[in-house]
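Position one of the sequence shown corresponds to residue 849 (this note's numbering), numbered consecutively onward.
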Amino acid sequence: MSKLRIAFFVAVIAVSSCNAEVPDTSGNVSVQQQQDSAVDKFVKSDEEWMKILTPEEFRIMRKKGTERAYTGKYWNNHDSGMYLCNSCGAELFSSDTKYDSFCGWPSFFGPHFKEAIKYQKDLSLPFEERTEVLCARCDAHLGHVFNDGPEPTGLRYCINSASLKFIAAQSSSK
Ligand code: FE
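Here is the structure:
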C-alpha cells in the first residue's frame, strides 16, 4: 500500500470520528468520550423513519434541519415533566434544567443523563464551528450546544421542539 493511500485512510478515520468536545466553561462538563457501544442503539433506515415521522420531523431529526425560531411547540413550555427523543423515546432533558434563553428554541443547561447525548463537530456554517447534539440511542439530530448558558454548567442546549416529545409530570392531586 502506498504512503499516499495510507495517509488517505488515516484521514478518513480522523474525519469519521463522531464524538466532539463539549464546550467546557465551568469544569463540570468534561470531554465526552462516550462510545456508541455504551447505549442500546435504535437503528432504522430513512425509508422506515419516513413512515414514522412527519416530513418536518424527518427533515430536522434525520437530515439535521432546524425549525424556525419561536415556531416550535416547546420553546415557551414551562410545565414540569420529561422531554423524550421524538424518534426513539429516550429520556433526554428534564424540565428541571429548562430555562428561558429567549433564543426561540427550547433551552436546557444540561441533559437528563450525560449518556443520552452524543456530540459531533458541525462545520456546516462557513465562519462558525458548532457542536451538534444528537440522541445517543438513535442518532437523531436534536440541535446544538453553546457555552453561553446559565450556572451550574454554563451551557445552553438549544434543541428543536420537533426533536422532542414532552411528557408532563403526573399530578399528585388525584
Ligand atoms: Fe432517539
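Every residue, glycine too, gets a C-beta built ideally from N, C-alpha and C.
Counting along the chain, methionine 930 sits inside no alpha helix (DSSP H); it lies in the beta strand (DSSP E) bounded by residues 929-933. In this structure, ligand 1 has a non-hydrogen atom nearer than 7 angstroms to the beta-carbon of cysteine 986. When distances are taken from the beta-carbon of serine 935 to the heavy atoms of ligand 1, the shortest one is below 7 angstroms. Look at serine 972 here: in three-state DSSP terms it is strand. For the segment 956-1017, the continuous beta strand (DSSP E) assignments of 3+ residues that do not extend past its boundaries occur at 965-973, 976-983, 989-994, 1004-1007 and 1012-1016, in sequence order. 8 angstroms or more divides the Cβ of glycine 1002 from the Cβ of tryptophan 953.
For ligand 1, no non-hydrogen atom lies closer than 7 angstroms to the CB of phenylalanine 941. Between the alpha carbons of asparagine 934 and lysine 889 lies a distance of about 15 angstroms. Under the 8 angstroms Cβ criterion, the segment 957-965 does not count as touching the segment 920-929, having fewer than three qualifying pairs.
For glutamate 939, the beta-bridge partners assigned by DSSP are Leu932. Around the CB of alanine 984, 16 or more other CB atoms lie within 10 Å, so the residue is classed as buried.
For alanine 938, the distance from the CB to the nearest heavy atom of ligand 1 is below 7 angstroms. Counting only residues of its own chain and dropping the five nearest sequence neighbours on each side, aspartate 927 has a CB closer than 6 angstroms to the CB of Ala1016.
One thing to note: aspartate 987 has its Cβ no nearer than 8 angstroms to the Cβ of threonine 979.
In the three-state reduction of the DSSP assignment, lysine 899 falls in the helix class.
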